[in-house]
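**Student:**
Numbering (our numbering), first residue to last: 177 to 579.
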């Protein structure tokens, strides 16, 4: 809970304002925003059930949620033919299996995408669909076709519900620095990539950041992950003002970080509700996660940066046109996400977002926000532009990169 100082009046006003905001959300979105059901069939769950009883060379398969090192050792022991056989038989397991080689996951997810595409096309051809249902099915077909284009490296894919997906730009296995983009509300399979407002979607964000990192450090091998592999809230409903979905997302994000190549430094770039996910994950992240940067954040479920328990440096930015600045930054009875990360009271390193416009403009090429993210991502901290006139956001960073 946030401390508001000795006078109770500001606390009363902010609490009242927060309750008004929540009531407005309930009035406009309805209680249906609290829960969102997925599709009746869950093909990955079916494959997981088979995985638990399957054998390879007479040996049981490793726990799909087990330690990545144990999974990696098992997959190495069964040889190339064994790994490829598992990918064909259980693509929705292997394609999401932390500890599996990246190339094997890409291969498995291509198989899973192909099967999902075939099923969606068959549904379009044979199922009685409403006009709205037909439009959604067509959009899913187009998205699946796009994800299967040559050269795309799909690190995670689950077609159930609104769908989850993650994609890698660059060579993950050889990367010296890895950046992970954690997006916010309304992120799912159909919004993973956009033609209009390209840089407001995870793929466009990743493309812009990857280009900026290569420009910032041409000699550094980098990889960027567009990570939409958690269930994000739908719209500004109750799920967006609580931490329920962020808690599950934080577990998934920590599992991903644990499985990334250990020699690579990792930075997280968390937009909007994604910063709630990153805030809840911060304490459990491995030491290779050196930086957490949040943009347009509603809060990180903490009143001060020290409450996150993060070993990583925490950065924050917000542009002057972002509507989220008007949202009450507090937590009352589980509603709200805590202090504003760009407020001096929070204690993050606040960087410039000059050139960014609105809540979704932080990854637009040429903005100071994406240039700053790139500098953080490659560890070139001397290239970070602070939000204020001084360089306090770069203080106490040691080593050649900070010079």
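Just so it is clear, CB atoms sit at the ideal spot from N, CA and C, and this is done for glycine as well.
Fair warning: this is a prediction, and the values are worked out from it, not measured in the lab.
Could you pull the DSSP bridge partners for residue 470 from this structure?
**Tutor:** For this step, residue 470 is matched to residue 294 along the chain shown. DSSP output for residue 470 lists 446, 492 as bridge partner(s).
**Student:** Three or more beta-carbon pairs under 8 Å between the segment 410-427 and the segment 312-332, yes or no?
**Tutor:** no
**Student:** Can you look up residue 533 in the DSSP assignment and give me helix, strand or coil?
**Tutor:** One-based indexing of the chain shown puts residue 533 at position 357. Here residue 533 sits in coil by DSSP.
**Student:** Where does residue 477 fall in DSSP's three states?
**Tutor:** Residue 477 sits at position 301 when you count from the first residue of the chain shown. If DSSP states are grouped into helix, strand and coil, residue 477 belongs with coil.
**Student:** Can you give the Cα-Cα distance for residue 390 and residue 304, rounded to whole angstroms?
**Tutor:** Translated into the one-based positions of the chain shown, residue 390 becomes position 214. Translated into the one-based positions of the chain shown, residue 304 becomes position 128. Near 49 Å, if we compare the C-alpha coordinates of residue 304 and residue 390.
**Student:** Would you report the Cα separation of residue 494 and residue 259, rounded to the nearest angstrom?
**Tutor:** Taking the first residue of the chain shown as 1, we reach residue 494 at position 318. Taking the first residue of the chain shown as 1, we reach residue 259 at position 83. Straight-line Cα distance between these residues: approximately 45 Å.
**Student:** According to DSSP, which residues form a beta bridge with residue 343?
**Tutor:** For this step, residue 343 is matched to residue 167 along the chain shown. According to DSSP, residue 343 bridges with 330, 402.
**Student:** Comparing C-alpha positions only, which one of 462, 501, 486 sits nearest to residue 475?
**Tutor:** Stepping through the chain shown from its first residue, residue 475 is reached at position 299. Of the listed residues, the one whose Cα sits closest to residue 475 is 501.
**Student:** Beta carbon of residue 246: closer than 8 Å to some heavy atom of the ligand SAM?
**Tutor:** With respect to small molecules bound, the structure shown includes none, and the ligand SAM cannot be examined in it.
**Student:** To which residues does DSSP link residue 285 through a beta bridge?
**Tutor:** Reading the chain shown from its first residue, position 109 is the one you call residue 285. None; residue 285 has no bridge partner.
**Student:** For residue 357, which beta-bridge partners are listed by DSSP?
**Tutor:** To locate residue 357, count along the chain shown from 1; it is residue 181. Answer is 402, 445, bridged to residue 357.
**Student:** Nearest-angstrom Cα distance between residue 486 and residue 240?
**Tutor:** Counted from its first residue, the chain shown places residue 486 at position 310. Counted from its first residue, the chain shown places residue 240 at position 64. Cα to Cα, residue 486 sits roughly 27 Å from residue 240.
**Student:** With distance defined between alpha-carbon atoms, name the residue in 376, 377, 461 nearest to residue 435.
**Tutor:** The residue labelled residue 435 in the question sits at position 259 within the chain shown. Answer by Cα proximity: 461.
**Student:** Can you tell me the Cβ-Cβ gap for residue 546 and residue 384, rounded? I've got them flagged as a contact below 8 Å.
**Tutor:** Here residue 546 is taken as the residue at index 370 of the chain shown, counted from 1. Here residue 384 is taken as the residue at index 208 of the chain shown, counted from 1. Going by Cβ atoms, the distance from residue 546 to residue 384 rounds to 6 Å, so yes, they are a contact pair.
**Student:** Taking only the alpha-carbon atoms, compute the straight-line gap between residue 524 and residue 549 and give it to the nearest angstrom.
**Tutor:** Here residue 524 is taken as the residue at index 348 of the chain shown, counted from 1. Here residue 549 is taken as the residue at index 373 of the chain shown, counted from 1. Residue 524 and residue 549 have their C-alpha atoms roughly 15 Å apart.
**Student:** Looking at the unbroken alpha helix (DSSP H) that takes in residue 323, where does it start and where does it end?
**Tutor:** Residue mapping note: residue 323 aligns to position 147 of the chain shown, counting from 1. Here the alpha helix (DSSP H) through residue 323 covers 307-323.
**Student:** For residue 443 versus residue 467, is the C-beta distance shorter than 9 Å?
**Tutor:** Along the chain shown, read from residue 1 onward, the residue named residue 443 stands at position 267. Along the chain shown, read from residue 1 onward, the residue named residue 467 stands at position 291. Taking a C-beta distance under 9 Å as the contact criterion, residue 443 and residue 467 qualify as a contact pair.
**Student:** With distance defined between alpha-carbon atoms, name the residue in 452, 306, 326 nearest to residue 289.
**Tutor:** Locating residue 289 in the chain shown gives position 113, where the first residue counts as 1. The candidate whose alpha carbon is nearest that of residue 289 is 326.
**Student:** Alpha carbon to alpha carbon, how far is residue 488 from residue 463? Give it in angstroms, no decimals.
**Tutor:** Residue numbering aside, residue 463 sits at position 287 when the chain shown is read from its first letter. Residue numbering aside, residue 488 sits at position 312 when the chain shown is read from its first letter. Near 8 Å, if we compare the C-alpha coordinates of residue 488 and residue 463.
**Student:** By how many angstroms is the C-alpha of residue 366 removed from the C-alpha of residue 376?
**Tutor:** Counting from 1 along the chain shown, the entry for residue 376 is found at position 200. Counting from 1 along the chain shown, the entry for residue 366 is found at position 190. Going from the Cα of residue 376 to the Cα of residue 366 covers about 13 Å.
**Student:** Thinking C-alpha only, which one of 429, 354, 564 is nearest residue 492?
**Tutor:** On the chain shown, residue 492 is found 316 positions in, with the first residue counted as 1. Selected option, being the one with the closest Cα: 564.
**Student:** Suppose the cutoff is 6 Å on Cβ atoms and the five residues either side in sequence are ignored; what does the same chain contact list for residue 218 look like?
**Tutor:** If you number the chain shown from 1, residue 218 lands on position 42. 336.
**Student:** For residue 353, tell me which candidate among 465, 282, 314 has the shortest Cα-Cα distance.
**Tutor:** In the chain shown, counting from the first residue as 1, residue 353 sits at position 177. Ranking 465, 282, 314 by Cα distance to residue 353 puts 465 first.
**Student:** Determine, using beta carbons only, whether residue 340 and residue 407 come nearer to each other than 9 Å.
**Tutor:** Within the chain shown, numbered from 1, the residue matching residue 340 stands at position 164. Within the chain shown, numbered from 1, the residue matching residue 407 stands at position 231. A contact, by the Cβ cut-off of 9 Å.
**Student:** Taking only the alpha-carbon atoms, compute the straight-line gap between residue 567 and residue 561 and give it to the nearest angstrom.
**Tutor:** Within the chain shown, the letter at position 391 stands for residue 567. Within the chain shown, the letter at position 385 stands for residue 561. Those two C-alpha atoms are separated by around 8 Å.
**Student:** Buried or exposed for residue 528, going by 16 or more other Cβ atoms inside 10 Å?
**Tutor:** By one-based count along the chain shown, residue 528 stands at place 352. With 16 or more other Cβ atoms within 10 Å, it is buried.
**Student:** Helix, strand or coil: which one does DSSP assign to residue 272?
**Tutor:** Translated into positions along the chain shown, residue 272 becomes position 96. Coil.
**Student:** Quick one: what's got a C-beta closer than 6 Å to residue 516's C-beta in the same chain, skipping five residues either side?
**Tutor:** What you label residue 516 is simply residue 340 of the chain shown in a count that begins at 1. Around residue 516: 505.
**Student:** Sort 470, 328, 519 by Cα distance to residue 282 and report the nearest one.
**Tutor:** As a position in the chain shown, residue 282 is number 106, starting the count at 1. Among 470, 328, 519, the Cα nearest to that of residue 282 belongs to 328.
**Student:** Report buried or exposed for residue 348, applying the criterion of at least 16 other Cβ atoms within 10 angstroms of its Cβ.
**Tutor:** Counting from 1 along the chain shown, the entry for residue 348 is found at position 172. The residue in question, residue 348, is buried, as its Cβ has 16 or more Cβ neighbours within 10 Å.
**Student:** Candidates 402, 398, 433, 449: which alpha carbon is nearest residue 413's?
**Tutor:** In the chain shown, the residue the question calls residue 413 occupies position 237. The residue with the shortest Cα to Cα distance from residue 413 is 449.
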